[in-house]
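Numbering (UniProt numbering), first residue to last: 1 to 570. Glycine included, each C-beta is placed from N, C-alpha and C at the ideal position. Bear in mind the structure is a predicted one, so any value in this text is a computation, not a measurement. Let me begin by presenting the structure, written as structure tokens, before commenting on it.
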RNA sequence: GGCGGUAUAGCUCAGUUGGUUAGAGCAGCGGAAUCAUAAUCCGCGUGUCCGGGGUUCAAGUCCCUGUACCGCCA
């Protein structure tokens, strides 16, 4: 049996993510994981918070907390919200875990032994008042080009000129405001990606089936200008994984930590160890080591396009470069951006809807359905409240929810709350089963190839088929002359509800669960055989009429939310 | 400035290796039905497929070029 290792890009720790972040990695990854589990595949679905780096330190300072405490808290917050969205991670780890410390240091040592790490001395701005080196963007000053007074150290926001922090007139730290800055020499480790260029290129060239978005970004970095550049993998910071060469100290690198982009992807592996250490699994190596059983694993990564370079180049350079038998990624599913009502979602400006706010407004299924059925696969896509209201009301409330309602209520009034007995299937029923079989196979194809929007479209068509059938069969009029036949029709329709619950579970897990409960069954077997799947609920099987499965979003609510989320987040 | 992505019906989007009258959902209009969350079902599209060249018997689909938006890099 094929096994699936699935990872979602790691969300950064410094705050709650918005819907654009969610739909770009975690949500489609969850869809795929749930689908594969539903098909009976063995799945290990991992995600973790990415916790190191300057932004985390600054956010902690702002919150007045030690950075360790801050990260621990925010990890819990993010884990709780992920749970709220029903993201079914087998483990939600932390890049700051001891497992990741050890593994990151191991990789660094191994790469150094193989000559893939160099030590480079360079000059960086040091702030005496802050007691730390400052990344370029944390230094501001007057632009030498246009005179703009808060130009950043990497680029002037006013005239867009690219700058070096030393170019700025009257530079100051944006952290403390201090002007007491000086250039200091500091030594850093560089991953010699340039040495790996050919190997990476050959590897990428074998991935002809990857989305063009993924390979074009990788090829650009491999071939742009002077080709793939070496990359600094250490920083002068306190918060991070201490630089070590395996278990040994690294002379000259005291007090430094690995750069977040070196240690974060390694957490994909460490997370599997955390999963075992948390008592949830027993053998992480059979997922990650090709010499220990991972040969039959299919590894799929999900991420937004901004993360593609690290996953196609930096991380592969790390694991391929180690010359150890690590499992490399088989397929990278990347996404474009989701825009918000004519502009971008913005974490810093609080524009758009954030994950916690979304759940305060509506249950997870509503968001999951809209986001997945509008996933930005081929290009950037856009969230508008009108579209959200329309899609959710039409698809979930009218097409699916109302189908359940009309079937169960009709049955209750004519036959009582149990699957009716008698009658036989005729041509209409056969035609429906044929159509469903075709559509379900198409749905399976789209789901396995991670065509998210097409999957949603097909699933919706499957829901619609049920309404079409009812309309053609018209049990409400048949009942007047031939109650037995009406019974057969309704028996089929009730079975459709169970079938829909099973098929829809990856998209709308809560509703799926509620429908199965109403149908009084825990049979979630996949409909490999559609006719058989439509006879699971036998004559006489008791059920209950469920509460409204999906309520509608009113115009008032939509207008209210529209204004509420237009501006700043409090 | 370099590179990449995208530009298809009012809206959101499909359009495989170029091949018959360019499609779907929503919205809109008309009708049917009345079991149901005023839900459902059926019917209705004269769209410079961003502009301009070119290749071809044939281009939304390939090439060149221009424009717009988005992103990455410098």
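| Check | Outcome |
| --- | --- |
| 4 or more residues per run - each alpha helix (DSSP H) lying fully within the stretch 459 to 525 | 475 to 481, 483 to 504, 509 to 518 |
| Anticipated Cβ contact below 8 angstroms, residue 571 with residue 440, distance rounded | Nothing can be reported for residue 571, as the shown portion of the chain is limited to 1 through 570. |
| Residues near residue 262 in its chain [Cβ-Cβ closer than 6 angstroms; skip 5 each side] | 233 |
| Contact under 7 angstroms by Cβ, residue 423 with residue 468 | no |
| Exposure label - residue 267; buried when at least 16 CB within 10 Å | buried |
| Closest Cα partner of residue 374 within the set 332, 451, 357, 274 | 451 |
| Buried versus exposed, by CB contacts within 10 Å (16 or more), residue 99 | buried |
| Cβ neighbour criterion (16 or more within 10 Å) applied to residue 131 | exposed |
| Cα-Cα separation between residue 570 and residue 63, rounded to whole angstroms | In this predicted model, residue 570 has a pLDDT of only 39, less than 50, meaning its place in the structure is not dependable; the value taken from the coordinates is given anyway. So the alpha carbons of these two residues sit roughly 15 angstroms apart. |
| Minimum length 4: unbroken alpha helix (DSSP H) runs contained in the stretch 245 to 293 | 260 to 277, 285 to 288 |
| C-beta atoms of residue 298 and residue 277 nearer than 7 angstroms | no |
| Residue of 255, 33, 197 minimising C-alpha distance to residue 4 | 33 |
| Cα-Cα separation between residue 139 and residue 230, rounded to whole angstroms | 24 angstroms |
| Anticipated Cβ contact below 8 angstroms, residue 235 with residue 257, distance rounded | 6 angstroms |
| Identified DSSP bridge partners for residue 7 | 46, 301 |
| Cα-Cα separation between residue 23 and residue 489, rounded to whole angstroms | 39 angstroms |
| Contact under 7 angstroms by Cβ, residue 339 with residue 553 | no |
| Of the residues 429, 305, 398, the one placed nearest residue 377, counting alpha carbons only | 305 |
| Through-space distance from residue 509 to residue 359, alpha-carbon basis | 15 angstroms |
| Pick from 482, 481, 491, 534 that is closest to residue 503, judged by C-alpha positions | 534 |
| Own chain partners of residue 192 with C-beta closer than 8 angstroms, once the 5 adjacent residues on each side are dropped | 115, 116, 117, 118, 230 |
| Cut-off 8 angstroms between Cβ atoms - residues of its own chain near residue 459, not counting five sequence neighbours on either side | 443, 503, 504, 507 |
| Residue 222 vs residue 213 beta-carbon contact at 7 angstroms | no |
| Alpha-carbon spacing of residue 245 relative to residue 76, whole angstroms | 31 angstroms |
| Three-state secondary structure (DSSP) of residue 107 | helix |
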